[in-house]
Structure formats: C-alpha cells, structure tokens
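Visitor:
Protein chains: 2
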Amino acid sequence: MSDTHPPMCGMADHPEPEPLSEERLSEIAKGLAHPARIRILEQFIECQPHIAQEIVDEFDLAQSTISEHLRLLREAGLLNATRDGPRTWYCMRRAVLRQFAEAMIELTDTSALADV
Amino acid sequence: MSDTHPPMCGMADHPEPEPLSEERLSEIAKGLAHPARIRILEQFIECQPHIAQEIVDEFDLAQSTISEHLRLLREAGLLNATRDGPRTWYCMRRAVLRQFAEAMIELTDTSALADV
DNA sequence: TGCCCCTATCGTCGATCAGCGATGAATGCC
DNA sequence: GGCATTCATCGCTGATCGACGATAGGGGCA
Numbered sequence: 041m042s043d044t045h046p047p048m049c050g051m052a053d054h055p056e057p058e059p060l061s062e063e064r065l066s067e068i069a070k071g072l073a074h075p076a077r078i079r080i081l082e083q084f085i086e087c088q089p090h091i092a093q094e095i096v097d098e099f100d101l102a103q104s105t106i107s108e109h110l111r112l113l114r115e116a117g118l119l120n121a122t123r124d125g126p127r128t129w130y131c132m133r134r135a136v137l138r139q140f141a142e143a144m145i146e147l148t149d150t151s152a153l154a155d156v
Numbered sequence: 041m042s043d044t045h046p047p048m049c050g051m052a053d054h055p056e057p058e059p060l061s062e063e064r065l066s067e068i069a070k071g072l073a074h075p076a077r078i079r080i081l082e083q084f085i086e087c088q089p090h091i092a093q094e095i096v097d098e099f100d101l102a103q104s105t106i107s108e109h110l111r112l113l114r115e116a117g118l119l120n121a122t123r124d125g126p127r128t129w130y131c132m133r134r135a136v137l138r139q140f141a142e143a144m145i146e147l148t149d150t151s152a153l154a155d156v
C-alpha cells in the first residue's frame with residue numbers, strides 16, 4: 041500500500057502568464073519531437089503520477105532509453121520529477137503544455153492581429 | 041506590381057478531422073523545434089504569403105540556412121510552397137498547426153477522460 | 001543571347017539525438 | 001550485512017540537425 045502514495049502531483053501547477061519566447065517555445069517543441077515522448081505524455085492524461093518503471097513497462101525500449109526520454113521531458117519543463125525513496129514519481133506539468141498549445145493556437149489565429 | 045501577386049494562399053486549408061498519430065504529432069513538433077522556425081511562422085500571422093527572400097531579409101542567417109528551415113517546415117506540413125516563376129510563395133497551413141495545438145490541449149485536458 | 005535574381009541542393013563540419021549495455025548510487029527488505 | 005529494486009548516468013555508435021559557402025538551375029529582362 042505504501043508504494044501507491046503519489047506525491048500530490050501537479051496541483052501547484054500555477055500558470056505563469058508571461059508569454060513564451062521563441063526559444064522557450066522551441067525547447068518545449070523539442071521535448072515533444074519524438075513519438076515515444078508523446079506516448080509518455082499520453083500516459084498522464086489521467087491526472088495521476090507514475091513511477092519510471094511503469095513507463096518502462098509500456099514500451100519495448102531499454103530502461104536507459106526511457107530514462108533518457110524522461111530526462112528530455114524534464115528539461116523541456118513538461119514533466120516534474122519527485123524522488124521518493126528508490127522511486128521517482130513523474131507528473132505532467134499541464135500548465136506548461138497548455139501554455140505552449142495556446143501559443144500555437146495564437147499563431148493560427150488571424151484575429152490575434154486585432155491586438156497588434 | 042506583378043510581383044505582389046500572391047497565389048491565393050491557404051484558403052483551401054480544409055481541416056482533416058482524423059486524429060493525429062504520435063508519429064505525426066512528433067513530426068510537427070520537430071518542425072517547431074527551432075526558434076528560427078517559430079519566428080518564421082510568426083511572419084505568417086497576417087494571413088499573407090511570403091517569398092523566401094522576404095524571410096531571409098528578416099534574419100541574420102545565410103540564405104541556404106533559411107532555405108533549409110523552410111524545407112523542414114514544408115516537410116513537417118506546416119508550410120505550403122508554390123513556385124511562381126523565379127520565386128516561391130510560402131504560406132502557413134493553419135489547419136495543421138491548429139490540429140496539432142488542439143491535440144496538445146487534449147493532452148492537458150483531464151475531462152478528455154469522459155470520452156474514454 | 002546574356003545577365004541577374006531567386007532558390008534549392010550539395011558538401012562539410014561540429015553538435016546533438018536515439019538507441020543500447022554496463023555501471024553505480026540510493027533505498028528498502030530479509 | 002547482504003541482496004534486490006529502482007533509477008540515473010556513462011560510454012559507444014549511427015543518424016540527424018544546424019550552420020555555412022559554393023554551386024546550379026529556372027525564370028525574367030534588356
């Protein structure tokens with residue numbers, strides 16, 4: 041039972057309302073630029089954290105490869121990692137991905153010109 | 041005057057409603073994974089096509105480098121290219137970027153679980 | 001015809017990515 | 001203490017990216 045004790049993920053995921061720079065946006069896009077990483081993020085649709093082993097079990101990839109993908113997602117700011125004894129709990133930083141998605145929407149939004 | 045004769049860009053940009061695969065999503069993300077390419081797309085916020093030279097003039101990068109970025113954006117499906125004599129008109133495929141953005145929104149949307 | 005403009009492509013170089021196995025550190029359990 | 005589990009990191013390899021200059025081709029225009 042004590043192993044199912046996720047650390048209260050992502051609730052303090054407060055939105056940072058400053059607009060994202062092109063550099064920041066491209067960093068996030070780089071995090072998304074591999075099918076395995078998209079699939080990893082899909083595992084977090086249920087707002088539940090996962091330990092790395094759970095992610096590894098979902099793929100036909102070596103543990104070290106998954107660990108590398110998790111690192112890239114962390115560095116892109118798309119995942120949070122919390123060590124808990126021998127485990128690491130991961131959860132998605134929804135606000136970051138959402139802010140990225142909204143910036144992309146704005147790029148497609150001609151009416152954004154009204155603000156210029 | 042005849043040089044300002046953009047080829048009726050992107051109006052036939054009909055949405056393709058099939059959900060995007062992880063492979064497709066990561067291809068699009070790869071197209072977005074460089075600050076110069078984000079900035080290139082920003083030039084298309086006004087729904088107007090541009091020739092490659094206009095893009096080159098906006099950057100401190102060699103023409104061949106910009107041409108390469110335009111190629112990657114084309115291959116990611118984010119830009120359309122239309123040759124017109126010596127020029128190439130580029131315009132943004134808004135529906136593609138929007139569909140990508142909406143897929144990212146869904147990843148952040150816990151209520152998407154209701155559909156499962 | 002000849003020249004210039006606009007672009008795409010080629011070749012090259014260094015940097016980063018993507019994959020793997022192996023190793024090692026931290027922790028919990030017996 | 002000893003061992004198994006979990007995970008990150010370290011090489012290593014091949015592939016791709018990002019930048020450039022140089023080159024070449026396709027049109028217009030004089």
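From first to last, the protein sequence lines stand for chains L and D.
So for the first sequence, the numbering used here puts the first residue at 41; every next one is plus one.
So for the second sequence, the numbering used here puts the first residue at 41; every next one is plus one.
Even for Gly, the Cβ is constructed at its ideal location relative to N, Cα and C.
1) Report back the beta-carbon spacing between residue 144 of chain D and residue 141 of chain L to the nearest angstrom; my notes put them in contact at under 8 Å.
2) Go ahead and label residue 148 of chain L buried or exposed: buried means 16 or more other beta carbons lie within 10 angstroms of its beta carbon, across all protein chains shown.
3) So who's on the other strand from residue 91 of chain L, going by DSSP bridges?
4) Compute the Euclidean distance between the alpha carbons of residue 99 of chain L and residue 134 of chain D, then round it to the nearest angstrom.
5) Can you confirm whether the region 99 to 117 of chain D touches the region 103 to 119 of chain L when touching is taken to mean that 3 or more C-beta pairs between the two stretches lie within less than 8 Å?
6) Starting from the beta carbon of residue 66 of chain D, find every residue of chain L whose beta carbon is closer than 8 Å, and list them in chain order.
7) Just reading off the alpha helix (DSSP H) that residue 105 of chain D is part of, what are its end residues?
8) Please list the residues of the region 77 to 96 of chain D that have a C-beta atom closer than 9 Å to any C-beta atom in chain L, keeping them in chain order.
9) When Cβ atoms are compared, which residues of the region 138 to 151 of chain L fall closer than 7 Å to chain D?
10) Contact criterion: CB-CB distance below 8 Å. Does residue 159 of chain L meet it with respect to chain D?
11) Taking residue 80 of chain L as the reference, which of L:130, L:136, L:62, L:139 has the closest Cα?
12) Round the Cβ separation of residue 78 of chain D and residue 65 of chain L to the nearest angstrom and send it over; I've been treating them as touching at under 8 Å.
13) On the DSSP letters alone, give me the boundaries of the beta strand (DSSP E) that residue 73 of chain D sits inside.
14) Kindly identify the DSSP beta-bridge partner or partners of residue 121 of chain D.
15) Give a yes or no on whether the minimum CB-CB distance between residue 69 of chain D and chain L is below 8 Å.
16) What did DSSP end up calling residue 100 of chain D once you bin it into helix, strand or coil?
17) Verify the CB distance criterion: does residue 59 of chain L have a CB-CB separation below 8 Å to chain D?
18) How about residue 115 of chain L: is its C-beta nearer than 8 Å to some C-beta of chain D?
19) By how many angstroms is the C-alpha of residue 92 of chain L removed from the C-alpha of residue 101 of chain D?
20) For a contact meaning CB atoms closer than 7 Å, what does residue 62 of chain D contact in chain L?
Guide: On the basis of the supplied data:
1) Counted from its first residue, the second sequence places residue 144 of chain D at position 104. Counted from its first residue, the first sequence places residue 141 of chain L at position 101. Their Cβ separation, rounded to whole angstroms, is 4 Å, which keeps residue 144 of chain D and residue 141 of chain L in contact under 8 Å.
2) By one-based count along the first sequence, residue 148 of chain L stands at place 108. Flag for residue 148 of chain L reads buried.
3) Numbered from 1 along the first sequence, position 51 holds the residue referred to as residue 91 of chain L. Its beta-bridge partners are L:129.
4) By one-based count along the first sequence, residue 99 of chain L stands at place 59. By one-based count along the second sequence, residue 134 of chain D stands at place 94. Answer to the nearest angstrom: the Cα atoms are 33 Å apart.
5) At 8 Å Cβ cutoff, the stretches do not touch.
6) Within the second sequence, the letter at position 26 stands for residue 66 of chain D. 72, 73, 74, 75, 77, 78, listed in chain order.
7) To locate residue 105 of chain D, count along the second sequence from 1; it is residue 65. Its alpha helix (DSSP H) spans residues 103 to 115.
8) 77, 78, 79, 81, 82, 84, 85, 86, 87
9) Listed in chain order, the positions of the region 138 to 151 of chain L with a beta carbon within less than 7 Å of a beta carbon of chain D are 138, 140, 141, 144, 145, 147, 148, 150.
10) Not covered by the structure: residue 159 of chain L. The range shown for chain L is 41 to 156.
11) Counting from 1 along the first sequence, the entry for residue 80 of chain L is found at position 40. Here the closest residue by C-alpha is L:130.
12) Residue numbering aside, residue 78 of chain D sits at position 38 when the second sequence is read from its first letter. Residue numbering aside, residue 65 of chain L sits at position 25 when the first sequence is read from its first letter. Confirmed, about 5 Å.
13) Here the question's residue 73 of chain D lines up with position 33 in the second sequence. No residue range can be given for residue 73 of chain D, since it is assigned to no beta strand (DSSP E) and is classified by DSSP as neither H nor E.
14) As a first step, residue 121 of chain D is located in the second sequence; it is residue number 81 there, counting from the start. Partner(s): D:130.
15) The sequence position of residue 69 of chain D within the second sequence is 29, counting from 1. Judged by the 8 Å Cβ criterion, residue 69 of chain D is in contact with chain L.
16) Within the second sequence, the letter at position 60 stands for residue 100 of chain D. Residue 100 of chain D falls in the coil class under three-state DSSP.
17) Counting from one through the first sequence, the residue named residue 59 of chain L turns up at place 19. Not one chain D Cβ lies under 8 Å of residue 59 of chain L.
18) For the purposes of this step, residue 115 of chain L is taken as residue 75 along the first sequence, with counting starting at 1. Not one chain D Cβ lies under 8 Å of residue 115 of chain L.
19) If you number the second sequence from 1, residue 101 of chain D lands on position 61. If you number the first sequence from 1, residue 92 of chain L lands on position 52. The C-alpha of residue 92 of chain L is placed about 41 Å away from the C-alpha of residue 101 of chain D.
20) Taking the first residue of the second sequence as 1, we reach residue 62 of chain D at position 22. Here the neighbours are 75, 78, 79.
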